[in-house]
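**Q** These protein sequence lines are chains A and B, in that order. Counting from 1, one number per residue, gives the positions in the first sequence under my numbering. Counting from 151, one number per residue, gives the positions in the second sequence under my numbering. All C-beta atoms, glycine included, are put in the ideal place defined by N, C-alpha and C. These numbers come from a predicted model, not from an experiment.
Protein chains: 2
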Amino acid sequence: MQNENLYKELLRRFRLKVTLTRLHVLDVLANTPVALSHADITEQLAEYDIDKVTLYRTLNAFTKCGLAHKVATEDRNWLYALHMPDDAPSEVTSDHAHFVCDECERIYCLPMETGNNTRDIKEEQGFVIRSQEYRLHGTCPECHTQFSQQ
Amino acid sequence: MQNENLYKELLRRFRLKVTLTRLHVLDVLANTPVALSHADITEQLAEYDIDKVTLYRTLNAFTKCGLAHKVATEDRNWLYALHMPDDAPSEVTSDHAHFVCDECERIYCLPMETGNNTRDIKEEQGFVIRSQEYRLHGTCPECHTQFSQQ
DNA sequence: TAAAAAATGCAACAAAGTTGCAATACGTTG
DNA sequence: CAACGTATTGCAACTTTGTTGCATTTTTTA
């Protein structure tokens, strides 16, 4: 594991105990630009034979403390992605943007762009907004390239 | 049922056969500003004793033809809301905005406001965008009023 | 290194939704 | 308006996803 020390530091920063399982899961999540499901992670960590309950609990722990965030997919699964803060542990309530590829069903995590006005309009109408998720559907660059070339 | 004829016309427009169950479900969905779950609808239609499988199939049929759309909630449930087109049957792929109240967990369906630039930025990066969902979390006017008054 | 607290692994359980199939209802055609 | 083909319904069984309880093991701190 390349960044073991980084992962350990990250866990400690979020007041999570350092365990092998958590390091493995962090490693998997840190090395993909897309959000992964419990099944994806299980598959990637097959050689370590991680218990399904432990993995669920690990992912929930990551989510609860703000180290990762969960996205619900169209097909009723949870996907998890690291939510690495630039510095201090950030709140779970911060803004996310996700791109859902309709071809390969991968979910890309994107930094939330500023500059939309929906927020202001809704606040005028009495909605108190604490976080927002902006979800785009379409075709990701990878699939788009494939289709273009055929 | 007040708008029975409207519902029948709507079903026919979407090439769905007119059945009692579908009329009841349409009636429930048409008379709420929030998206409803299978459980919500079951409860509201308790007197008609609608089979759970039939309700799932009804909701899926509505979604498939574009009469309704599905939203995945934070707690891994589906919520359904009518997607009444102004005129002709519209594609399922059109844009939605949802407001999720963190107090009462209702999901409000909102028309998608224009004027955000995330779309453009992503398209530059090679993402082909076909629909977008913008999800806001916070407190809805109703709950906000309650909390303010206490 | 010993003790407290937290994480793990296993089995059993729960919730949400699907599938197969026989019975029923819809709607079209004559 | 009767009869037929097709779609929908209702039921039981099943699948998938995730949770709970509890005994055991590991981590951390002193």
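#1: Just to confirm, are L45 (chain A) and V28 (chain A) a CB contact at a threshold of 8 Å?
#2: In the DSSP assignment, what residue or residues form a beta bridge with Y108 (chain A)?
#3: Which two residues bound the contiguous beta strand (DSSP E) that contains K220 (chain B)?
#4: For L79 (chain A), name the three-state secondary structure that DSSP assigns.
#5: Whose CA, out of B:N227, B:S187, B:A185 and B:L217, lies closest to the CA of C173 (chain B)?
#6: What residue from A:A61, A:R15 and A:L26 has the CA that sits closest to N3 (chain A)'s CA?
#7: Please state whether the Cβ-Cβ distance between C215 (chain B) and L166 (chain B) is less than 8 Å.
#8: Does DSSP put F14 (chain A) in a helix, in a strand, or in coil?
#9: For the putative contact between L205 (chain B) and H188 (chain B), defined by C-beta atoms under 8 Å, what is the C-beta separation to the nearest angstrom?
#10: Using a Cβ-Cβ cut-off of 7 Å (strictly less than) and excluding sequence neighbours within five positions of Y198 (chain B), which residues of its own chain qualify?
#11: Quick check: the Cα distance between L161 (chain B) and K52 (chain A), rounded to an integer number of angstroms?
#12: Whole angstroms are fine: how far does the CA of K158 (chain B) sit from the CA of N31 (chain A)?
#13: Any idea if L20 (chain A) is buried or exposed, counting beta-carbon neighbours within 10 angstroms, 16 or more meaning buried?
#14: Who are the Cβ neighbours of M151 (chain B) in its own chain at under 6 Å, not counting the five residues just before and after it?
#15: For F62 (chain A), which residues from the same chain have a beta carbon less than 6 Å from its beta carbon, with the 5 sequence-adjacent residues on both sides left out?
#16: Alpha carbon to alpha carbon, how far is I50 (chain A) from T208 (chain B)? Give it in angstroms, no decimals.
**A** Inspection of the coordinates gives the following:
#1: Stepping through the first sequence from its first residue, residue 45 (chain A) is reached at position 45. Stepping through the first sequence from its first residue, residue 28 (chain A) is reached at position 28. For L45 (chain A) and V28 (chain A), yes; Cβs fall inside 8 Å.
#2: The sequence position of residue 108 (chain A) within the first sequence is 108, counting from 1. Y108 (chain A) is bridged to A:V34 and A:F99.
#3: Start at 1 with the first residue of the second sequence, and residue 220 (chain B) comes out as number 70. It spans A218 to A222 - the beta strand (DSSP E) in which K220 (chain B) sits, taken as one unbroken run.
#4: By 1-based counting over the first sequence, the position of residue 79 (chain A) is 79. DSSP places L79 (chain A) in strand when its eight states are reduced to three.
#5: Sequence index remark: in the second sequence, residue 173 (chain B) carries index 23 (1-based). The sequence as given places Leu at residue 173 (chain B); Cys does not occur at that position. Nearest option by C-alpha distance: B:L217.
#6: In the first sequence, residue 3 (chain A) corresponds to position 3, counting from 1. Checking every option, the nearest Cα to that of N3 (chain A) belongs to A:L26.
#7: Within the second sequence, numbered from 1, the residue matching residue 215 (chain B) stands at position 65. Within the second sequence, numbered from 1, the residue matching residue 166 (chain B) stands at position 16. Yes, the Cβ-Cβ distance between C215 (chain B) and L166 (chain B) is below 8 Å.
#8: Here residue 14 (chain A) corresponds to residue number 14 of the first sequence, with the count starting at 1. DSSP places F14 (chain A) in coil when its eight states are reduced to three.
#9: Counting from one through the second sequence, the residue named residue 205 (chain B) turns up at place 55. Counting from one through the second sequence, the residue named residue 188 (chain B) turns up at place 38. Contact holds; Cβ gap of about 6 Å.
#10: Locating residue 198 (chain B) in the second sequence gives position 48, where the first residue counts as 1. Excluding residues within five positions, the ones whose Cβ falls inside 7 Å are H174.
#11: Translated into the one-based positions of the second sequence, residue 161 (chain B) becomes position 11. Translated into the one-based positions of the first sequence, residue 52 (chain A) becomes position 52. For L161 (chain B) and K52 (chain A), the distance between alpha carbons rounds to 44 Å.
#12: Translated into the one-based positions of the first sequence, residue 31 (chain A) becomes position 31. Translated into the one-based positions of the second sequence, residue 158 (chain B) becomes position 8. Those two C-alpha atoms are separated by around 52 Å.
#13: Within the first sequence, residue 20 (chain A) is the residue found at index 20, counting from 1. Result: exposed.
#14: Translated into positions along the second sequence, residue 151 (chain B) becomes position 1. Contacts found: D177.
#15: The residue labelled residue 62 (chain A) in the question sits at position 62 within the first sequence. Contacts found: A68.
#16: On the second sequence, residue 208 (chain B) is found 58 positions in, with the first residue counted as 1. On the first sequence, residue 50 (chain A) is found 50 positions in, with the first residue counted as 1. The alpha-carbon atoms of T208 (chain B) and I50 (chain A) are separated by roughly 39 Å.
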